[in-house]
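There are 2 protein chains.
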Amino acid sequence: MVRINSDYGKLQGSYLFSTIAKKVGQYSEEQPDRKIIRLGIGDVTRPLTPAVIKALHEAVDEMGEEKTFRGYAPDLGYDFLRKAICDNDYRSRGCDIGQDEIFVSDGAKPDSGNIQEIFAKDDRIGVCDPVYPVYIDSNVMAGRTGDYDIKSGRYAGVVYLDCTKENGFCPDLPEEDCDIIYLCSPNNPTGTALTKDRLQDWVDYANKKGSVIIFDAAYEAYISDEDVPHSIYECEGARECAIELHSFSKNAGFTGLRLGYATVPKDLKREGVSLNTLWARRHATKYNGAPYIVQRAGEAVYSYEGRKEIRGLVDYYMENARVIRSGLEKAGYEAYGGVNSPYIWMKTPEGMSSWDFFDYLLREANVVGTPGVGFGSCGEGYFRLTAFGSHENTREAVDRICRL
Amino acid sequence: MVRINSDYGKLQGSYLFSTIAKKVGQYSEEQPDRKIIRLGIGDVTRPLTPAVIKALHEAVDEMGEEKTFRGYAPDLGYDFLRKAICDNDYRSRGCDIGQDEIFVSDGAKPDSGNIQEIFAKDDRIGVCDPVYPVYIDSNVMAGRTGDYDIKSGRYAGVVYLDCTKENGFCPDLPEEDCDIIYLCSPNNPTGTALTKDRLQDWVDYANKKGSVIIFDAAYEAYISDEDVPHSIYECEGARECAIELHSFSKNAGFTGLRLGYATVPKDLKREGVSLNTLWARRHATKYNGAPYIVQRAGEAVYSYEGRKEIRGLVDYYMENARVIRSGLEKAGYEAYGGVNSPYIWMKTPEGMSSWDFFDYLLREANVVGTPGVGFGSCGEGYFRLTAFGSHENTREAVDRICRL
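Going line by line, the protein sequences match chains A and B. To convert, note that position 345 of the first sequence is 345 in our numbering; the numbers rise steadily by one, no gaps. In our numbering, each residue carries its 1-based index in the second sequence increased by 404.
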């Protein structure tokens, strides 16, 4: 008799964004005439840019001709894309990363969920609280945590790194040891970013302890401050302790196109084994490459036109971030983020719980945000708004919130 | 100090097809003037068909316009595709499968590698020998097997179902219990197919024992015999014991486009838990949907034009299968498969080992095939050729082999 993976039973409720989608769906059915503005899930709304569209059409045509048709992609990604990534995201920033340390994938979400597979079952993970749920949930499903405690809102066996108003939402080095540390900067959900000095502290910690940092750089395109690093490999010693995850979703709007990459330096070894080799084996066995046409679209993001257009997209969303943050502050709300990040992290008014504020905002302002507590217990009393809407909707949403 | 997943250390060598690619690459470098014909990896060579190309271009245009742009896809796939799958692959065959039992993915390889995650760590797997390596390797990586034994070429703790000339390469019901049974029909690599009666025996066995069958139907489009089922749900009771995996790679040539789906019926429960719910949770947490444009391409496969064109593709490759099998037989080789399947399973001549024959064929005929032993110890002394080349190359490869 087959038995199921009992670790799934430890998971709390359904995946956060599925729950939100259901709640919004239900409200829409009850009130079909209301115009709901979604500033909840981190999904972009601007169309793909002309350089990307052109590359897609050209690649589609190639796939329709015998001479230019492409079947299975190389396991780790096409060289043309790995080279563009290497040149633009690393070499241009002085980071010592080689093409063969880059693994093209279908996005940072799958990579951040799958990367834990190459580590031992009893490694202890350290995660920020609040945190992007995938880091924890994927480890729960793999049996790397204990049970969930309803009172604390936390899983046993996990080191939680509190990110609070007091520490500026930047995690302090942990007192307990942790083996695998997930860091996301600029941060989802708090919108804050680690300075180079702060990130260097983490790299030094990891090298001292033999830990591995999973550095999620999905939002690096939103960085404007000079002292915030775009890559963890700007820090000394990161090649020996860090894996970096990148996405094309938030810079180039690929949420519906699916493309990302993981960087695993060859100097990153544990127990004498190269993690680059382990991840290559995982990729070769359980993945079959991102679509050729999508990899060509990714290449176009790094072209001269592409880079200009992508800058335009980021500027567009950052104007929203500015509108949201300044609007909220003018209306007397406490708000954070929105500077090096498309996320605004606001304090709920009058000590309201995150989910109460979610329901309140949905019903009274027809605006969808994300309850802070959905990202962890330190997120209780907070609420995340995203800058990924249109200018018009964003302004209207802010107006509606401020009128409440 | 972080520790790595020691189960990876049990894996034998690198992934089969990576090894082949390396060997061929090396030979090409040594002999750059030789024209190598690849009948090794199961990769298609015909371009995408006009209906698919048209759907891709249209979807790309939609992604370039604000009003029609699509961000994150629904977790489990777009309804338009799930409906097309449900109507065409199931309802039209009288299979009782609902749209909400279909999970769109980026292919049958990732699905077949990932599906084991929802089962307990100490469930015992049963696999055919020879077998598509992903079924075993993904379980080795998950710690569901013991060590590899070099002498037998097998992992401890796995039930191997011998597929030999004696049983017509169709596995007999096992004497030892197994919890998760991987079946692939039409089979990769042997090219043989289970009749409905034989498959019904397996469904009955699974229901009696409480096992779950992972049924890989990636090659169903190649079926021509009437008594060979296209879906396991043509068998009575399969809704209670079977998960089915489908691919768009081998029928519609999507190897470089990446699309597949898994079917997990709601009646499939173990320990009171619905496997449909578990897989939905896995999908929502660790996956982010297939690209919109690729899902539209998938939809086009089921259109009137699309079905006609896909039939043409399959017929094209099956003509190759006929040429290979009859050519080999005429030249005195023992050959199997190639009737309901694009694979031809040949006996190596004069008791040659599979890898010796691989090297011999590469050097003497400049033809690449796949060593049978790469699929398991029962594959020793066999060799797989695929029908996915062009007519011209296929004929030339057969001529070269026959001239040896």
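Note that CB positions come from ideal geometry on N, CA and C, so glycine has one too. Keep in mind the model is a prediction, meaning the values are calculated, not measured.
Determine, for residue i, whether the minimum Cβ-Cβ distance to residues of chain A falls below 8 Å.
i: Leu577 of chain B; result: no
i: Glu410 of chain B; result: Correcting the residue identity first, residue 410 of chain B is Ser in this sequence and not Glu. For Ser410 of chain B, the answer is yes, since a Cβ of chain A falls inside 8 Å of its Cβ.
i: Glu644 of chain B; result: no
i: Ile584 of chain B; result: yes
i: Ala524 of chain B; result: yes
i: Arg662 of chain B; result: yes
i: Glu521 of chain B; result: yes
i: Val464 of chain B; result: yes
i: Gly813 of chain B; result: In the structure as shown, chain B starts at 405 and stops at 808, and residue 813 of chain B therefore has no counterpart that could be examined.
i: Glu723 of chain B; result: no
i: Gly780 of chain B; result: no
i: Glu470 of chain B; result: yes
i: Val538 of chain B; result: yes
i: His650 of chain B; result: no
i: Pro593 of chain B; result: no
i: Leu531 of chain B; result: Rather than Leu, the amino acid found at residue 531 of chain B in this sequence is Val. Cβ-Cβ to chain A under 8 Å: no for Val531 of chain B.
i: Arg674 of chain B; result: yes
Would you say residue i reaches chain B, if we count a Cβ-Cβ gap shorter than 8 Å as a contact?
i: Ala284 of chain A; result: yes
i: Phe69 of chain A; result: yes
i: Leu11 of chain A; result: yes
i: Asp216 of chain A; result: no
i: Asp267 of chain A; result: no
i: Arg3 of chain A; result: yes
i: His230 of chain A; result: no
i: Ala73 of chain A; result: yes
i: Asp137 of chain A; result: yes
i: Ser18 of chain A; result: yes
i: Glu176 of chain A; result: no
i: Ile37 of chain A; result: no
Roughly how many angstroms lie between the CA atoms of residue i and residue j, to the nearest whole one?
i: Gly550 of chain B; j: Asp515 of chain B; result: 23 Å
i: Ile445 of chain B; j: Lys670 of chain B; result: 35 Å
i: Ala455 of chain B; j: Gly107 of chain A; result: 28 Å
i: Leu679 of chain B; j: Ser377 of chain A; result: 30 Å
i: Pro775 of chain B; j: Ala769 of chain B; result: 15 Å
i: Asp631 of chain B; j: Tyr696 of chain B; result: 36 Å
i: Ala290 of chain A; j: Ser105 of chain A; result: 6 Å
i: Glu240 of chain A; j: Ala297 of chain A; result: 31 Å
i: Ile481 of chain B; j: Gln699 of chain B; result: At residue 481 of chain B the sequence reads Gly, which differs from the Ile that was named. So the alpha carbons of these two residues sit roughly 8 Å apart.
i: Ile636 of chain B; j: Ile501 of chain B; result: 11 Å
i: Leu11 of chain A; j: Trp355 of chain A; result: 19 Å
i: Asp100 of chain A; j: Leu313 of chain A; result: 30 Å
Please state whether DSSP places residue i in a helix, a strand or coil.
i: His246 of chain A; result: strand
i: Thr594 of chain B; result: coil
i: Tyr708 of chain B; result: helix
i: Arg270 of chain A; result: strand
i: Lys67 of chain A; result: coil
i: Met722 of chain B; result: helix
i: Phe103 of chain A; result: strand
i: Phe619 of chain B; result: strand
i: Ile180 of chain A; result: strand
i: Pro669 of chain B; result: coil
i: Thr453 of chain B; result: coil
i: Thr549 of chain B; result: coil
i: Thr790 of chain B; result: strand
i: Val531 of chain B; result: strand
i: Tyr494 of chain B; result: helix
i: Ala206 of chain A; result: helix
i: Asp162 of chain A; result: strand
i: Val772 of chain B; result: strand
Tell me whether residue i counts as near the ligand PLP, meaning its Cβ is closer than 7 Å to at least one heavy atom of that ligand.
i: Glu309 of chain A; result: Questions concerning the ligand PLP fall outside what the structure shown contains, since it holds no ligand whatsoever.
Is there contact between the segment 575-587 of chain B and the segment 728-736 of chain B, where contact requires at least three CB pairs shorter than 8 Å?
No contact exists between the segment 575-587 of chain B and the segment 728-736 of chain B.
Inter-stretch contact at 8 Å, needing at least 3 Cβ pairs: the segment 749-756 of chain B / the segment 784-791 of chain B
Between the segment 749-756 of chain B and the segment 784-791 of chain B there are three or more inter-stretch CB-CB distances shorter than 8 Å, so the stretches are counted as touching.
Name the residues in the segment 288-306 of chain A whose C-beta lies less than 8 Å from a C-beta of chain B; which are they?
Those would be Asn288, Gly289, Ala290, Pro291, Tyr292, Ile293 and Val294, in chain order.
Below 8 Å, how does it come out for the segment 218-232 of chain A and the segment 189-208 of chain A: are there three or more Cβ pairs, yes or no?
Output reads yes: the segment 189-208 of chain A touches the segment 218-232 of chain A.
Chain-ordered residues of the segment 736-749 of chain B with a beta carbon less than 9 Å from chain A:
For the segment 736-749 of chain B, which is checked against every Cβ of chain A, not one residue is closer than 9 Å.
Counting beta carbon pairs with one atom in the segment 659-666 of chain B and one in the segment 19-30 of chain A, are three or more of them shorter than 8 Å?
No, the segment 19-30 of chain A is not in contact with the segment 659-666 of chain B.
Touching or not, the segment 533-541 of chain B and the segment 558-570 of chain B, by the rule of three or more beta carbon pairs under 8 Å?
The segment 533-541 of chain B vs the segment 558-570 of chain B: in contact.
Report yes or no: do three or more beta-carbon pairs, one from the segment 309-323 of chain A and one from the segment 70-79 of chain A, lie closer than 8 Å?
In short, these stretches do not touch, since the Cβ pair count stays below three.
Touching or not, the segment 428-440 of chain B and the segment 456-466 of chain B, by the rule of three or more beta carbon pairs under 8 Å?
Judged by Cβ distances under 8 Å, the segment 428-440 of chain B makes no contact with the segment 456-466 of chain B, as fewer than three pairs qualify.
Mind listing which residues of the segment 99-115 of chain A have their C-beta closer than 7 Å to chain B's C-betas, in chain order?
Correct list: Asp106, Gly107, Lys109, Pro110, Gly113 and Asn114.
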